[in-house]
Amino acid sequence: MTPATVRRHAVPHRERPRIAVVSLSQGTRPDDLRRGLDSVLAQQGVELDVVCVGNGWEPTGLPDGVRALALAENVGIPAGRNAGAEVVDGDYVFFLDDDASIPSETFLRDAVALFERDPSLGLVQPRVVDPSGAANPSRWVPRIRKGDPTESSPVFSVWEGAVVLPMDVYRAVGGWGAPYFYAHEGIELAWRVWDAGRRTWYAGDLVAHHPAIDPARHSEYVRLNARNRVWLARRNLPAPLRPVYVGSWAVIQVLRWWRHPRRLRVWFDGVREGWSSDCGPARPMGWLTIGRMTLAGRPPVV
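Position in the sequence shown (from 1) plus 341 gives the number in this note's numbering.
Structure follows, in structure tokens:
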């Protein structure tokens, strides 16, 4: 990336940057939702445009300063986020899950400062902490070498529950991958940020709160994990790399779950579904992007 490209990427500086905020909910966690929205409304040094998207739910009881957008049915997590982003406006867009919150009143201003200091950044994910003191899952640090969670670094996937992007980057990459419904949409978003010439960044000095809950609690988790892994390859990788990526993850799953043959059967059923079903339009990344990702520490083959 050349200095001229970096300059073109910069968002104009404002004393009070305008942040579009999208909170997605099905209305099943009203206390958590209110906590998250209150943490957004408490932000200092920014202007806010906040919407709560009811995914198959009519949002009620929202605090002042939060608009409601009701979707008639559950369209899935990524499509629900996209719907919210269509009705808000800002220099940046912040997506916050309904069971997440931001403890610092300067979180958003601090996130904007990262982009202002380094215009090569295209997405920022904070460090995630369970406020109860429970052990934080290693998956919340989205890198192969987990290391110290407080250390920042480039990453190639994100925990989707609290992420910030410049609005022009969000629009340029096409938003979240709606066909996924649930699982792996954060990997695609991170990859497409890289393909847009930016970097995806894990900010260990920013903190979001979220309970430490195993995502496998969802009944469809294993199937969607496998199907979407294949879709991720088909939608984003050049044809020669697609079987390599899926094959490497098949090996990983066998090593993880060889003592759980029933779970593995479901996973491989999902893989077959991923190859045979419609994954939506493909947008393969360029080989230059693959080279940049490799030099930054993780080629998109695992």
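Virtual Cβ for every residue (Gly too), placed ideally from N, Cα, C.
These figures come from a predicted structure and were not determined experimentally.
> valine 453 to arginine 357, Cα distance in whole Å?
Replying inline: Between valine 453 and arginine 357, the C-alpha separation is close to 10 angstroms.
>> Given this structure, state the Cα-to-Cα distance separating glycine 488 from valine 595, to the nearest angstrom.
In response: Distance between the alpha carbons of glycine 488 and valine 595: 25 angstroms.
>> Threshold first: 3 residues or longer. Then list the beta strand (DSSP E) segments lying entirely within the stretch 410-493, N to C.
In response: 433-438 and 462-470
> Less than 8 angstroms separating the beta-carbons of alanine 567 and phenylalanine 609?
Replying inline: yes
>> Using a Cβ-based criterion (distance less than 7 angstroms to any ligand heavy atom), does leucine 455 qualify as near the ligand HEM?
In response: Looking at this structure, you won't find the ligand HEM or any other ligand, since it has none at all.
>> Let's test the definition: count the other Cβ atoms within 10 Å of the Cβ of leucine 578 and tell me whether it reaches 16, buried, or not, exposed.
In response: buried
> Using the beta-carbon count (16 or more within 10 Å), is isoleucine 631 buried or exposed?
Replying inline: buried
>> Beta-carbon within less than 7 angstroms of leucine 412's beta-carbon, same chain only, minus the 5 sequence neighbours each way: which residues are those?
In response: Val394, Gly395, Asn396, Gly397, Gly421 and Ala424
> What's the C-alpha gap between asparagine 415 and valine 514?
Replying inline: 23 angstroms
> With respect to the beta strand (DSSP E) encompassing serine 364, which residues constitute its N-terminal and C-terminal limits?
Replying inline: Following the DSSP letters along the chain, one finds serine 364 inside the beta strand (DSSP E) bounded by residues 359-366.
> If you draw a straight line from the C-alpha of glycine 463 to the C-alpha of tryptophan 517, how long is it?
Replying inline: Annotation: glycine 463 to tryptophan 517 spans about 14 angstroms, alpha carbon to alpha carbon.
> Skipping 5 residues on each side, what residues in its chain have a beta carbon closer than 8 angstroms to that of aspartate 509?
Replying inline: Val352
> Which of the three DSSP states, helix, strand or coil, is assigned to proline 641?
Replying inline: coil
> Alpha carbon to alpha carbon, how far is arginine 408 from serine 473?
Replying inline: 30 angstroms
>> Taking 8 angstroms as the cut-off, does the stretch 440-453 touch the stretch 379-388 (at least 3 CB pairs, one atom from each stretch)?
In response: Flag = yes, the stretch 379-388 and the stretch 440-453 touch.
> Thinking just about the alpha-carbon of each residue, which of Asp430, Pro625, Thr401 and Arg484 is nearest to the one in leucine 374?
Replying inline: Thr401
> Near valine 607, which residues of its chain fall below 6 angstroms by C-beta distance, leaving aside the five closest residues on each side in sequence?
Replying inline: Val563 and Arg564
> When you compare only the Cα positions, how much space is there between arginine 355 and alanine 475?
Replying inline: 38 angstroms
>> The alpha helix (DSSP H) that contains aspartate 546, what's its start and end?
In response: Taken as a continuous stretch (DSSP letters only), aspartate 546 belongs to no alpha helix (DSSP H), being part of the beta strand (DSSP E) at 540-550.
> Terminal residues of the continuous beta strand (DSSP E) containing glycine 395?
Replying inline: 388-396
> Assuming histidine 550 and valine 470 make a contact with CB atoms under 8 angstroms, what is their CB distance in whole Å?
Replying inline: 6 angstroms
> Between which two residues does the alpha helix (DSSP H) carrying leucine 565 extend?
Replying inline: 562-577
> Run through DSSP, which three-state label would proline 581 get?
Replying inline: helix
> In this structure, what does DSSP give as the bridge partners for valine 514?
Replying inline: Under DSSP, valine 514 takes part in no beta bridge, so it has no partner.
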